[in-house]
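Everything below concerns the one structure shown next.
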Amino acid sequence: MVFLVAVNIFLIPSVHAEAQIADKCSFDQSEGVNPEQQTINCLLTEAAVKYDVPPEIVKAVAEKESAWKQYEDNKPLISEDGGIGIMQVTQKSNYDDSRLKQDIVYNIEAGVEILNQMYDRNDLPSINKSEGSVNAYQRNYIENWYFAVMAYNGIKPVNSPVLQENGDENKEAYQEEVFEIIERNMDRELGKLDFSRDDFDYDPSKKDNIRFVTLDYRFLEPFTSSNYFYKKGQTVGAVQEVNLRSQPTTSNVNVIGKVKEGEHLTIESSYTYEKSPDSLNPFVWYKVEKENGTKGYVASNYLRNKFKDVPAGHYAEENIDQLYDMNILRGHSEDKFGMKENLIRIHAAMLFVRAENLSLTDRPDPGFVDVSPENRYFDTVSAVADEGIFNGDEKGYFHIEDDLKRSEMAVLLQNVYNFEESSKEHPFVDVKDNIWYDESVNRLYHAGITSGVSADQYGPSETVTREQFAAFLIRSIEYQKKN
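426 is the number that the working numbering gives to position 404 of the sequence shown; each next residue is one higher, with no gaps.
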């Protein structure tokens with residue numbers, strides 16, 4: 023249930039648009055009667071979308087709390103500890119008690135509103151929040167809601183992510199069980215969140231709230247974006263081979279083909295619901311078009327965002343997807359990555375800011391002639407210069423729009439990731455001994471980050487494309503994790 027007794031927060035009820043949600047789901051309330059499964063699926067989805075909460079989270083919370091039931095034996099479902107209805111909202115949360123019992127839409131929206139307020143609390147730890155991030159991106163990633171889901175039930179020792187006595191994961195914590203439901207419903211694993219028992223201070227013999235020692239976490243892991251916010255015309259791909267169906271239902275008779283893993287699809291329209299009203303499927307369906315023109319329906323849980331200009335099977339496709347899921351790389355738009363385009367210096371700087379979660383505040387003016395305080399990139403340039411990642415030229419220019427050269431790339435990656443020194447020499451005859459990028463090239467080569475443009479040519483003056491840099495950056499991040 024929602025446990026709010028010891029939480030220093032006053033919830034002001036603002037549930038006001040239940041009729042809109044009910045209308046979207048063609049729902050008429052019948053007292054004492056649980057709606058059909060797909061009606062509940064719709065009600066949970068539409069309430070979540072209204073508050074910009076990933077519906078995967080709302081549905082899993084409802085499953086954990088009540089198995090999607092508002093009533094039991096024709097009476098409002100009320101738990102021993104006072105949780106009411108499908109979302110198990112308590113009377114202490116300042117919502118209308120009678121409506122929580124008799125109005126399932128009101129109950130759902132109250133629960134979603136509470137989840138939303140938990141996400142916005144500033145006394146809970148944050149995950150992957152940074153000055154270089156956009157709130158809309160952050161909210162769409164399911165893993166970023168970990169502590170909001172925890173707080174929905176209570177920030178008590180029983181919900182500590184880590185057991186204090188031995189440092190093991192607490193698989194019985196409320197939020198862990200909710201995330202396990204999400205993984206089952208989505209048929210994929212969520213990003214790994216590695217916590218330490220030193221992150222949480224509590225007495226396991228008492229019921230006092232956990233004191234959060236660490237308030238800001240940065241996980242360089244691909245996270246899982248919600249599948250409910252795709253727009254018409256957007257490019258998506260299948261995360262595994264999946265059936266293409268003539269109708270939005272899992273009935274075997276309507277399979278019209280297969281969608282291969284990674285195959286590009288175009289969203290034809292907004293999501294729709296399972297045709298069979300009693301189906302237990304917790305997902306929705308999207309009508310999509312294959313590149314050969316074939317149209318059909320695919321279950322939402324098997325889709326992910328894809329850049330239209332990144333060919334399926336390209337050597338950098340997985341690296342690009344990983345950086346996107348880490349909220350490091352965003353492309354020119356949701357559909358366009360900028361394949362084969364040269365990477366310019368300022369875009370490289372922005373990638374490092376996100377990858378290293380660099381603060382953009384209180385940085386000294388680096389004094390570059392071509393980057394004044396009025397320049398929109400001033401804060402980014404100041405941060406990477408202050409961190410010693412970037413330097414300007416001998417005349418004091420940063421060269422924001424210049425294409426990044428392979429020689430520069432080697433030095434930048436070395437500045438950030440500090441690859442180990444090697445006693446061996448690189449094989450490149452076009453990299454002169456002791457030139458300013460020689461040592462960086464040698465370290466990157468022996469760390470397995472980059473090879474040359476040929477067996478004995480590094481190509482220091484050649485430019486770096488966006489997809490090439492994606493591959494180099496992912497390899498560097500993986501190196502950092504292992505070392």
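Glycine included, each C-beta is placed from N, C-alpha and C at the ideal position.
- Message: Buried or exposed for residue 459, going by 16 or more other Cβ atoms inside 10 Å?
- Response: The residue given as residue 459 occupies position 437 in the sequence shown. It is buried - the Cβ of residue 459 has at least 16 other Cβ atoms within 10 Å.
- Task: Could you name the residues of the same chain whose beta carbon sits closer than 6 Å to that of residue 391, not counting the 5 residues immediately before and after it, in chain order?
- Result: Numbered from its first residue, the sequence shown carries residue 391 at position 369. Around residue 391, the same chain offers 418 and 419 as residues with beta carbons nearer than 6 Å, after the five sequence neighbours per side are excluded.
- Are there 16 or more other CB atoms within 10 angstroms of the CB of residue 166, so buried, or fewer, so exposed? Your numbering for residue 166 matches position 144 in the sequence shown. Buried, by the Cβ-count rule.
- Query: DSSP three-state call for residue 270: helix, strand or coil?
  - Reply: Start at 1 with the first residue of the sequence shown, and residue 270 comes out as number 248. Coil.
- Task: Please list the segments of the alpha helix (DSSP H) lying wholly inside the stretch 61-105, counting only runs of 4 or more residues, in order along the chain.
- Result: Listed in chain order, the complete alpha helix (DSSP H) runs (minimum 4 residues) inside the stretch 61-105 are 77-88.
- Length-filtered (3 minimum) beta strand (DSSP E) runs lying within the stretch 284-352: The qualifying runs are 286-289, 307-312, 317-321 and 325-327.
- Sort out for me which residues DSSP pairs residue 485 with in a bridge. What you label residue 485 is simply residue 463 of the sequence shown in a count that begins at 1. Paired residue(s): 427.
- Message: My output table needs one value for residue 502: the three-state DSSP class, helix, strand or coil.
- Response: As a position in the sequence shown, residue 502 is number 480, starting the count at 1. In the structure shown, residue 502 adopts helical secondary structure according to DSSP, grouped into three states.
- Query: For the candidate residues 191, 468 and 146, whose alpha-carbon lies nearest to that of residue 172?
  - Reply: Taking the sequence shown and counting its residues from 1, one reaches residue 172 at position 150. Sorting 191, 468 and 146 by C-alpha distance to the C-alpha of residue 172 places 146 at the top.
- Message: Distance check for residue 481 and residue 448, CA to CA, integer angstroms please.
- Response: For the purposes of this step, residue 448 is taken as the residue at position 426 of the sequence shown. For the purposes of this step, residue 481 is taken as the residue at position 459 of the sequence shown. Between the C-alpha atoms of residue 448 and residue 481 there is a straight-line separation of about 13 Å.
- Message: So, does the stretch 254-264 touch the stretch 275-292, judging by three or more C-beta pairs under 8 Å?
- Response: Counting Cβ pairs under 8 Å, three or more are found: they touch.
- Task: Taking residue 432 and residue 406 to be in contact with their CB atoms under 8 Å, please state how far apart those CB atoms are, rounded to whole angstroms.
- Result: Working through the sequence shown from its first residue, we reach residue 432 at position 410. Working through the sequence shown from its first residue, we reach residue 406 at position 384. Contact doesn't hold; Cβ gap of about 16 Å is too wide.
- Quick one: give me the first and last residue of the beta strand (DSSP E) that residue 368 is part of. Along the sequence shown, read from residue 1 onward, the residue named residue 368 stands at position 346. No beta strand (DSSP E) holds residue 368; the alpha helix (DSSP H) holding it covers 367-377.
- Query: Is there contact here, the stretch 45-62 with the stretch 219-232, by at least three beta-carbon pairs under 8 Å?
  - Reply: Contact between the stretch 45-62 and the stretch 219-232 is absent, because fewer than three Cβ pairs lie under 8 Å.
- Task: Under 8 Å by Cβ, that's how I've got residue 250 and residue 71 pegged, so tell me the actual separation to the nearest angstrom.
- Result: The sequence position of residue 250 within the sequence shown is 228, counting from 1. The sequence position of residue 71 within the sequence shown is 49, counting from 1. Rounded, the Cβ-Cβ distance is 6 Å, consistent with contact.
- Pick helix, strand or coil for residue 240, following the three-state DSSP scheme. Within the sequence shown, the letter at position 218 stands for residue 240. Of the three classes helix, strand and coil, the one that applies to residue 240 here is coil, per DSSP.
- Message: At 3 residues or longer, what runs of the beta strand (DSSP E) sit wholly inside the stretch 152-229?
- Response: Annotation note: the stretch 152-229 contains no uninterrupted beta strand (DSSP E) run of length 3 or greater.
- Query: Going by DSSP, which residues form a beta bridge with residue 279?
  - Reply: To locate residue 279, count along the sequence shown from 1; it is residue 257. For residue 279, the pairing in a beta bridge is given by DSSP as 266.
- Message: Judging by CA-CA distance, which residue of 329, 498, 241 and 288 is the nearest neighbour of residue 308?
- Response: In the sequence shown, residue 308 corresponds to position 286, counting from 1. It is 288 whose Cα lies nearest to the Cα of residue 308.
- Enumerate in chain order the residues of its own chain whose CB-to-CB distance from residue 90 is below 6 Å, with the five nearest sequence positions on each side excluded. As a working note, residue 90 is residue 68 in the sequence shown. 62 and 84, listed in sequence order.
- Query: Going by Cα to Cα distance, which pick from 383, 368, 455 and 379 is closest to residue 414?
  - Reply: If you number the sequence shown from 1, residue 414 lands on position 392. Residue 368 is the option with its Cα nearest to residue 414.
- Message: Considering Cα atoms alone, identify which of 77, 257, 186 and 211 is closest to residue 331.
- Response: In the sequence shown, residue 331 corresponds to position 309, counting from 1. It is 257 whose Cα lies nearest to the Cα of residue 331.
- Given 8 Å, three or more beta-carbon pairs between the stretch 349-366 and the stretch 465-473: Under the Cβ criterion (8 Å, minimum of three pairs), the stretch 349-366 does not count as touching the stretch 465-473.
- Message: Taking the straight line between their C-alpha atoms, what separation do you get for residue 335 and residue 240?
- Response: For the purposes of this step, residue 335 is identified with residue 313 of the sequence shown, where counting begins at 1. For the purposes of this step, residue 240 is identified with residue 218 of the sequence shown, where counting begins at 1. Distance from the CA of residue 335 to the CA of residue 240, rounded to the nearest whole angstrom, comes to 30 Å.
- Message: Between which residues of its own chain and residue 303 is the CB-CB distance below 7 Å, once the five residues before and five after are set aside?
- Response: Residue 303 sits at position 281 when you count from the first residue of the sequence shown. Closer than 7 Å at Cβ, skipping near neighbours: 272 and 296.
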